[in-house]
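Written out below as structure tokens is the structure these notes cover.
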Amino acid sequence: MSELPGGIPPATEPVPRNSASGVELQATDDGGWRVLLGLRSRKSRFMPGHLAFPGGVMDAQDRPDESGAWARCASREMQEETGLEIPVDAWHEAGERVTPALFPIRFRTRFFVTVLERPGPADHLEPATDENERLEFHLPALVLEDWTGGRVKLPPPVLPLLRALVATGGGALEEVAAILREANALEERSARMEFAPGVWAHPMKTATLPPATHTNVWMPGGRRFVVIDPGTADESEVGRLLAVVQRRRDLGDAVAAVLLTHHHRDHISGACVVARRLGCPILAHPQVLEVLAGSTSEIETRPLNDGDEIDLEGVTLRAIHTPGHAPGHLAFQLLESRLLVAGDLLSGVSTILIDPRQGDMDAYLASLERANALDCRLLFPGHGPALPGRQLGRLIEHRARREAAIRDRLESNPTPLAEIARAAYAEETRMPAVLTEAQTLAHLIRLERHGVARRADAHGEFWSGLSRAGSEDGRLDSRSTPGQIEAILRRRFSPSQFELRDDSAKHAGHAGATSGGGHYHLVLVSAEFEGHTRVEQHRMVYDALADLIPDKIHALGLTTRTLSE
Ligand SMILES: [Zn+2]
Numbered sequence: 000m001s002e003l004p005g006g007i008p009p010a011t012e013p014v015p016r017n018s019a020s021g022v023e024l025q026a027t028d029d030g031g032w033r034v035l036l037g038l039r040s041r042k043s044r045f046m047p048g049h050l051a052f053p054g055g056v057m058d059a060q061d062r063p064d065e066s067g068a069w070a071r072c073a074s075r076e077m078q079e080e081t082g083l084e085i086p087v088d089a090w091h092e093a094g095e096r097v098t099p100a101l102f103p104i105r106f107r108t109r110f111f112v113t114v115l116e117r118p119g120p121a122d123h124l125e126p127a128t129d130e131n132e133r134l135e136f137h138l139p140a141l142v143l144e145d146w147t148g149g150r151v152k153l154p155p156p157v158l159p160l161l162r163a164l165v166a167t168g169g170g171a172l173e174e175v176a177a178i179l180r181e182a183n184a185l186e187e188r189s190a191r192m193e194f195a196p197g198v199w200a201h202p203m204k205t206a207t208l209p210p211a212t213h214t215n216v217w218m219p220g221g222r223r224f225v226v227i228d229p230g231t232a233d234e235s236e237v238g239r240l241l242a243v244v245q246r247r248r249d250l251g252d253a254v255a256a257v258l259l260t261h262h263h264r265d266h267i268s269g270a271c272v273v274a275r276r277l278g279c280p281i282l283a284h285p286q287v288l289e290v291l292a293g294s295t296s297e298i299e300t301r302p303l304n305d306g307d308e309i310d311l312e313g314v315t316l317r318a319i320h321t322p323g324h325a326p327g328h329l330a331f332q333l334l335e336s337r338l339l340v341a342g343d344l345l346s347g348v349s350t351i352l353i354d355p356r357q358g359d360m361d362a363y364l365a366s367l368e369r370a371n372a373l374d375c376r377l378l379f380p381g382h383g384p385a386l387p388g389r390q391l392g393r394l395i396e397h398r399a400r401r402e403a404a405i406r407d408r409l410e411s412n413p414t415p416l417a418e419i420a421r422a423a424y425a426e427e428t429r430m431p432a433v434l435t436e437a438q439t440l441a442h443l444i445r446l447e448r449h450g451v452a453r454r455a456d457a458h459g460e461f462w463s464g465l466s467r468a469g470s471e472d473g474r475l476d477s478r479s480t481p482g483q484i485e486a487i488l489r490r491r492f493s494p495s496q497f498e499l500r501d502d503s504a505k506h507a508g509h510a511g512a513t514s515g516g517g518h519y520h521l522v523l524v525s526a527e528f529e530g531h532t533r534v535e536q537h538r539m540v541y542d543a544l545a546d547l548i549p550d551k552i553h554a555l556g557l558t559t560r561t562l563s564e
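Quick note: the sequence shown uses numbering that gives the first Met the number 0, first residue 0, plus one each step.
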């Protein structure tokens, strides 16, 4: 995301909704605890596929204005999700957490702990709602082991409570509740928020593009760690970040450097003050260091180029040049763990703006493809929570659809940019016109370069389409949309010579279908093929298309039909 352009008011943080979570314990034979965790549905909006305590948002039945509402909420949620009837007075208060501001949905959650009388239920409970795919009692130490090994996902607030449960060993319920309260209080003061082992996160309040309100500072590493994108110099914000850094230092890890993904103000504004306070160098792409020049006195700066690696004692970080959103943009790959600090390649809360004044849609799409090819498990964006690696592929598809919508709006007569943007972004009612127009312009400039669009005036306020393509070939692959394939085909055939059908559904599971799901059926209708056998016709079509659709022609189902048929 860029810094805030003029005329756009900053977003306000989402107001946390009151909720309660129940920590349901069961004593083990050796005096320890097992704890009930639900595997959240993969279709869930919040934390899909994560292991979490049962719980949810307070509602009218909990009588929110009367005392005891939080505990009533915990009992009701537990009953709804698991079928377990926990009397309200069986709960012990275990502290409160507020979802950090990097999440688009936030909760003020009170935790309650209780212990099931033995003999308790079996290891498994039948989920009573589709909120959970499984409900199981787990040994906290084993869950933490699985998390360290990347086998399970845990929401950041669950992690410190599991660590605290391991630390208690056993003990009376009152003591356990006190230890959980303590753990929650420490997190509220200075959170050790880990989306993956060794990757700490801290959101800083910055002047950024709505709906984001914060920029994430990612701190990946082993015995040494880096501080990526401290995005504000505000004294209290810097103080909060440094408290988290200190908490990690207290565990014995050392700060190696401040790293920057790109030069936008909401990513670099705190770089100098933080580097100075930590006594460490700033590492960034030469184009980013240029922007900082003049404010880095007494700070060592070092250029980072594509492929450069940093040894963080247990973790190797590799710089990946990913320009497009901004020149000199770097993403940072964690080589051993298939993780990627993605900067503004993508966002967990909205779309990334490619501003044509300094961004480049062609470069951006190439960067997305490049990052996607790294096959990372988790992505850590500049704004919003961590995202699954497959999000990059989805984003590439989303961009292709958007570009197809823009191209579809192009006619032989010039059309105003504003009108093209309105049509292409019709469903994005919350995006200001200044942003949708900038984004549309970035796509049109790319289409112009590829010989598909032409500007009708010097300022690019009017655009028309070109029926014949220019010299540069588009590239297609199995993820290409029918619109993209069609644009390529139009360079070789006239619209009356072919029909293109999306056969993805029909070919689902078929050996010939591509993993991306895109399976199209091309029917060529041309007199050119009369008098040839069907095999010859196919050969001719393949030959004609091979240079247009390099090595991906198998993604197309092909038949030919002569006009006489
Ligand atoms: Zn940015």
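All C-beta atoms, glycine included, are put in the ideal place defined by N, C-alpha and C.
{"Query": "Contact test: residue 343 Cβ vs ligand 1 heavy atom, cutoff 8 Å", "Result": "yes"}
{"Query": "For residue 361, the first and last residue of its enclosing alpha helix (DSSP H)", "Result": "360-372"}
{"Query": "Cutoff 9 Å: residue 114 Cβ touching any chain D Cβ", "Result": "The structure shown contains no chain D, having only a single protein chain."}
{"Query": "Any non-hydrogen atom of ligand 1 closer than 8 Å to residue 381 Cβ", "Result": "yes"}
{"Query": "Segment limits, beta strand (DSSP E) that includes residue 249", "Result": "Counting along the chain, residue 249 falls outside any beta strand (DSSP E), though it belongs to the alpha helix (DSSP H) covering 234-249."}
{"Query": "Residue environment, residue 27, which counts as buried when at least 16 other CB atoms sit within 10 Å", "Result": "exposed"}
{"Query": "Pairwise C-alpha distance: residue 397 and residue 420", "Result": "16 Å"}
{"Query": "Of the residues 335, 356, 354 and 438, the one placed nearest residue 374, counting alpha carbons only", "Result": "335"}
{"Query": "heavy atom of ligand 1 below 8 Å from residue 305 C-beta", "Result": "no"}
{"Query": "Segment contact, 8 Å Cβ cut-off, at least three pairs: the region 160-175 with the region 239-248", "Result": "no"}
{"Query": "Any beta strand (DSSP E) of 3 or more consecutive residues that is wholly inside the region 257-323", "Result": "281-283, 300-302, 308-310 and 315-320"}
{"Query": "Nearest neighbour of residue 249, chosen from 98, 462 and 191 [CA to CA]", "Result": "191"}
{"Query": "Straight-line Cα distance separating residue 113 from residue 89", "Result": "6 Å"}
{"Query": "Length of the line joining the Cα atoms of residue 169 and residue 385", "Result": "33 Å"}
{"Query": "C-alpha gap between residue 313 and residue 132, whole angstroms", "Result": "35 Å"}
{"Query": "Neighbourhood of residue 97 by C-beta, 8 Å cutoff - its chain only, sequence neighbours within 5 removed", "Result": "15, 105, 106, 107, 108 and 187"}
{"Query": "Where the alpha helix (DSSP H) containing residue 404 begins and where it ends", "Result": "390-407"}
{"Query": "Cβ-Cβ separation, residue 163 to residue 602 (assumed contact under 8 Å), whole Å", "Result": "Residue coverage of the chain in this structure runs from 0 to 564, which leaves residue 602 outside it and unanswerable."}
{"Query": "Three-state class that DSSP yields for residue 46 in the structure shown", "Result": "coil"}
{"Query": "9 Å Cβ cutoff met for residue 51 and residue 39", "Result": "yes"}
{"Query": "Residue 458: CB within 8 Å of a non-hydrogen atom of ligand 1", "Result": "no"}
{"Query": "For residue 210 and residue 428, the rounded distance between their alpha carbons", "Result": "13 Å"}
{"Query": "Where the beta strand (DSSP E) containing residue 192 begins and where it ends", "Result": "192-195"}
{"Query": "Three-way DSSP call (helix, strand, coil) for residue 376 in this model", "Result": "coil"}
{"Query": "Between the CA atoms of residue 457 and residue 469 - distance to the nearest angstrom", "Result": "Confidence in residue 469 is poor, its pLDDT being 33 and thus under 50, which makes the residue's placement unreliable; the coordinate value appears in the next sentence. C-alpha separation (whole angstroms): 20 Å."}
{"Query": "DSSP three-state assignment for residue 460, whether helix, strand or coil", "Result": "coil"}
{"Query": "Distance CB(residue 213)-CB(residue 261) smaller than 9 Å", "Result": "no"}
{"Query": "heavy atom of ligand 1 below 8 Å from residue 265 C-beta", "Result": "yes"}
{"Query": "Ranges of the alpha helix (DSSP H) found wholly within the region 70-135, counting only runs of at least 4", "Result": "none"}
{"Query": "Outcome for residue 412 when other beta-carbon atoms lying within 10 angstroms are tallied against a minimum of 16", "Result": "exposed"}
{"Query": "Buried versus exposed call for residue 205 [16 or more other C-beta atoms within 10 Å across all chains shown]", "Result": "buried"}
{"Query": "Alpha carbon of residue 128 to alpha carbon of residue 57, nearest angstrom", "Result": "17 Å"}
{"Query": "Own chain residues within Cβ distance below 7 Å of residue 184, not counting five before or after", "Result": "94"}
{"Query": "DSSP-derived helix/strand/coil call for residue 345", "Result": "coil"}
{"Query": "Cβ-based neighbour list, residue 201, same chain, cut-off 6 Å, excluding 5 preceding and 5 following", "Result": "216, 240 and 243"}
{"Query": "Euclidean distance between Cα positions of residue 231 and residue 276", "Result": "14 Å"}
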